[in-house]
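Undergrad: Quick one: structure below, then a few questions.
The following block contains the structure:
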């Protein structure tokens, strides 16, 4: 009997009990589906982080206030913790002035959610207040119009630059040029002086075009009412100067904030380089991917045991059939092949359905959550191979059991 | 003994023994069987229950291996073959018909009959299987599944399956055991026709009137051949069928 004939016999066996076949495949379906989705998420996350870091450049430092750092001293115990030692606009100004050799530019940033109105349409978006160095530091540019200038920053002018998604939300068309229009940001009229060039969806911060950029002084005093900045982004002169710059900024901020050793435990700020950030994110996604993949592999294993179980039941149920086949000339190899193909089809079919569900799930997840997911051909082929391997491995024992049945015993089995 | 006589020997069993251990006790199912069957014979193996006649047929059919003794089929010692070689012998040289029909359930008559062709790697399976079914008078039941056929029809499908590979030897284990008289006679008519075409038929039966359709009767008792001779007053199944059923 050749493989094609065995295939027909095996398919006949599977279609005669469709519900059982479907349930048996479920373990493999879930396992393979999860593998595909998890790997797609992991690869998508890694790629978007890498892309955004590459777009930004590798000689970028980000200074943020240390979020969980609470200094227990007399002041905090008394309850008048006025948090003087957080990042201020003045910190950023001094940093940019003092280290000309290692630092090219500093862009302090404040961020907040704002409500915007144009005509009768209103929307919410995020407002970033920053300085004129922002386009250079953040690798941003304006597609039409201009960025706000130093005079407008110094004078806290109500001007802004708008991202394409914001324009889309306000007018229904993301290509609309709003330059020259006035939009209300938290009930204050701002003049749009330029449009940001689209950066696209999919970075770690979500849609990078869903933002309005305004002078930091305006944003802090007139809109968001903030005294402190959220972060400062620093572009170093080159990658070789990054360690020096980190050192200099740390010492400078420790002095300015009157911090006491030990350092860095007592620092009230964090300095991260873009490459470090990338490595961290990749490390986390790598760990998550392998962890979830391990769970999926266990599910595949359980699915394989399910297949073995059903195949054993099937061999017992069809003992008489095996006897008949042997009596009319089926060799042990014929019988073994028949059951191996049956379990192979069972798991391959489960694998195929799992792959389809996994790809669909990854795409649906990308739609719903906005995460970028990348289904790699390698993960598809590997999971198909694994599921076929599982079918054959776990089918081996039942198939051998069937093949070794004695014809007379099998024929007389009730 | 001339050479033509040597060539005409199909089965040769010498001192065949089959012992089982049942509950620590040795059961001698076959205890030194000597039997020679020539091409074209029609043998009925008879004997009481437990006489070992079914065990003998299973050994002849390569479904079971003897504990000791030699069994030659067409001059080849098949008792020393491994499982795969025996499977090929069953496929190529022997057609087996069972009391309980042993057809695959939920499968059409055509597919059942084509099964030996499948394992024998035949090309034109459908036409050969169709021809075999037409031979047993079931040309109009090709696509009926097993459960849609009567007992007599199922046994005819089983005979068609045994004939489809065109083997020299047909073995039947109580082929009429589950059937009424009329259907039994129909089955025996087919066996007589198959035998008339030159095929050797060996069947086990405990019904003396069925044995009368055969040419030679071998009686087995306690694992030994106790009687062996030609059938007297042989019946013809076609003639028996010509007699109208009473009532």
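Chains as they are written, first to last, in this note's numbering: chain S, 4 to 417; chain W, -10 to 236.
Beta carbons are placed, not taken as given, at the ideal position from N, Cα and C, and that holds for glycine.
Remember, predicted model here, so these are calculated numbers, not experimental data.
(1) Which residues bound the alpha helix (DSSP H) around residue 363 of chain S?
(2) Establish whether the CB of residue 47 of chain W and some CB of chain S are separated by less than 8 Å.
(3) Drop a sphere of 10 angstroms on the beta-carbon of residue 103 of chain S, count the other beta-carbons inside from all chains shown, and report buried for 16 or more, exposed for fewer.
(4) Which partner residues does residue 239 of chain S have in the DSSP bridge list?
(5) Along chain S, which residues have their Cβ under 9 Å away from the Cβ of residue 85 of chain W?
(6) Going by other Cβ atoms of all chains shown within 10 Å of its Cβ, with 16 needed for buried, is residue 119 of chain W buried or exposed?
(7) Could you work out which residues of chain S lie near residue 72 of chain W, taking near to mean beta carbons separated by less than 8 Å?
(8) Please tell me whether residue 37 of chain W has its Cβ less than 8 Å away from any Cβ of chain S.
(9) For the alpha helix (DSSP H) that residue 324 of chain S lies in, which residues bound it at each end?
(10) Using the three-state DSSP reduction, which class does residue 8 of chain W fall into: helix, strand or coil?
(11) Only counting runs of 4 or more residues, tell me where the alpha helix (DSSP H) segments fall wholly within the stretch 142 to 209 of chain S, in order along the chain.
(12) Note down the Cα distance separating residue 240 of chain S from residue 364 of chain S, rounded to an integer number of angstroms.
(13) I need the DSSP call for residue 112 of chain W, collapsed to helix, strand or coil.
(14) If you reduce the DSSP assignment to three classes, tell me which class residue 217 of chain S lands in.
(15) Let me confirm a value: residue 9 of chain W is counted as buried when at least 16 other C-beta atoms fall within 10 Å, else exposed. Which label applies?
(16) With H, G and I counted as helix, E and B as strand and the rest as coil, what does DSSP make of residue -2 of chain W?
(17) Distance check for residue 210 of chain S and residue 269 of chain S, CA to CA, integer angstroms please.
(18) What are the boundary residues of the alpha helix (DSSP H) that includes residue 400 of chain S?
(19) Could you tell me whether the Cβ of residue 344 of chain S comes closer than 8 Å to any Cβ of chain W?
(20) Output needed for residue 397 of chain S: all residues of its chain with C-beta closer than 7 Å, excluding positions within five of it in sequence on either side, in chain order.
(21) I'd like the ranges of any beta strand (DSSP E) spanning at least 3 consecutive residues and lying wholly in the stretch 244 to 325 of chain S.
(22) Would you check if there are 3 or more beta carbon pairs closer than 8 Å linking the stretch 179 to 194 of chain S to the stretch 89 to 103 of chain S?
(23) Would you mind telling me which residues of chain S sit closer than 9 Å to residue 195 of chain W, beta carbon to beta carbon, in chain order?
(24) Check residue 70 of chain W in the structure and name its three-state DSSP category.
(25) Is the stretch 109 to 126 of chain S close to the stretch 145 to 152 of chain S, with three or more CB pairs under 8 Å?
(26) Within 10 angstroms of the Cβ of residue 158 of chain S, are there 16 or more other Cβ atoms? Answer buried if so, exposed if not.
(27) Taking only beta carbons into account, state which residues of the stretch 97 to 125 of chain W come closer than 8 Å to chain S, listed in chain order.
TA: Quick look at the numbers:
(1) Sequence index remark: in the first chain, residue 363 of chain S carries index 360 (1-based). Start and end: 335 to 372.
(2) The residue labelled residue 47 of chain W in the question sits at position 58 within the second chain. Chain S contact via Cβ: present.
(3) For the purposes of this step, residue 103 of chain S is taken as residue 100 along the first chain, with counting starting at 1. It is exposed - the Cβ of residue 103 of chain S has fewer than 16 other Cβ atoms within 10 Å.
(4) Position 236 of the first chain, counting from 1, holds the residue named residue 239 of chain S. According to DSSP, which records beta bridges pairwise, residue 239 of chain S is partnered with S:106.
(5) Residue 85 of chain W sits at position 96 when you count from the first residue of the second chain. Here the neighbours are 330, 331.
(6) For this step, residue 119 of chain W is matched to residue 130 along the second chain. Looking at its Cβ environment, which holds 16 or more other Cβ atoms inside 10 Å, residue 119 of chain W is buried.
(7) Position 83 of the second chain, counting from 1, holds the residue named residue 72 of chain W. The contacting residues are 334, 335.
(8) Your numbering for residue 37 of chain W matches position 48 in the second chain. Chain S contact via Cβ: absent.
(9) Translated into the one-based positions of the first chain, residue 324 of chain S becomes position 321. Start and end: 322 to 330.
(10) What you label residue 8 of chain W is simply residue 19 of the second chain in a count that begins at 1. Looking at residue 8 of chain W - three-state DSSP - the assignment turns out to be strand.
(11) 153 to 157, 167 to 174
(12) Your numbering for residue 240 of chain S matches position 237 in the first chain. Your numbering for residue 364 of chain S matches position 361 in the first chain. So the alpha carbons of these two residues sit roughly 44 Å apart.
(13) To locate residue 112 of chain W, count along the second chain from 1; it is residue 123. In the structure shown, residue 112 of chain W sits in coil (DSSP, three-state: anything other than H, G, I, E or B).
(14) To locate residue 217 of chain S, count along the first chain from 1; it is residue 214. Reduced to three states, the DSSP call for residue 217 of chain S is strand.
(15) One-based indexing of the second chain puts residue 9 of chain W at position 20. So residue 9 of chain W ends up on the exposed side.
(16) As a working mapping, residue -2 of chain W is identified with position 9 in the second chain. Residue -2 of chain W falls in the strand class under three-state DSSP.
(17) Indexing the first chain from 1 puts residue 269 of chain S at position 266. Indexing the first chain from 1 puts residue 210 of chain S at position 207. Roughly 35 Å between the two C-alpha positions.
(18) The residue you call residue 400 of chain S lines up with position 397 of the first chain. Its alpha helix (DSSP H) spans residues 380 to 406.
(19) As a working mapping, residue 344 of chain S is identified with position 341 in the first chain. Chain W contact via Cβ: absent.
(20) Taking the first residue of the first chain as position 1, residue 397 of chain S is located at position 394. Same-chain partners within the cutoff: 307, 308, 310, 311, 346.
(21) 272 to 276
(22) no
(23) Residue mapping note: residue 195 of chain W aligns to position 206 of the second chain, counting from 1. Correct list: empty, because the minimum Cβ distance to chain S is about 18 Å.
(24) The sequence position of residue 70 of chain W within the second chain is 81, counting from 1. In this structure, residue 70 of chain W counts as coil in the three-state DSSP scheme.
(25) no
(26) If you number the first chain from 1, residue 158 of chain S lands on position 155. So residue 158 of chain S counts as exposed.
(27) 104, 105, 107, 108, 109, 110
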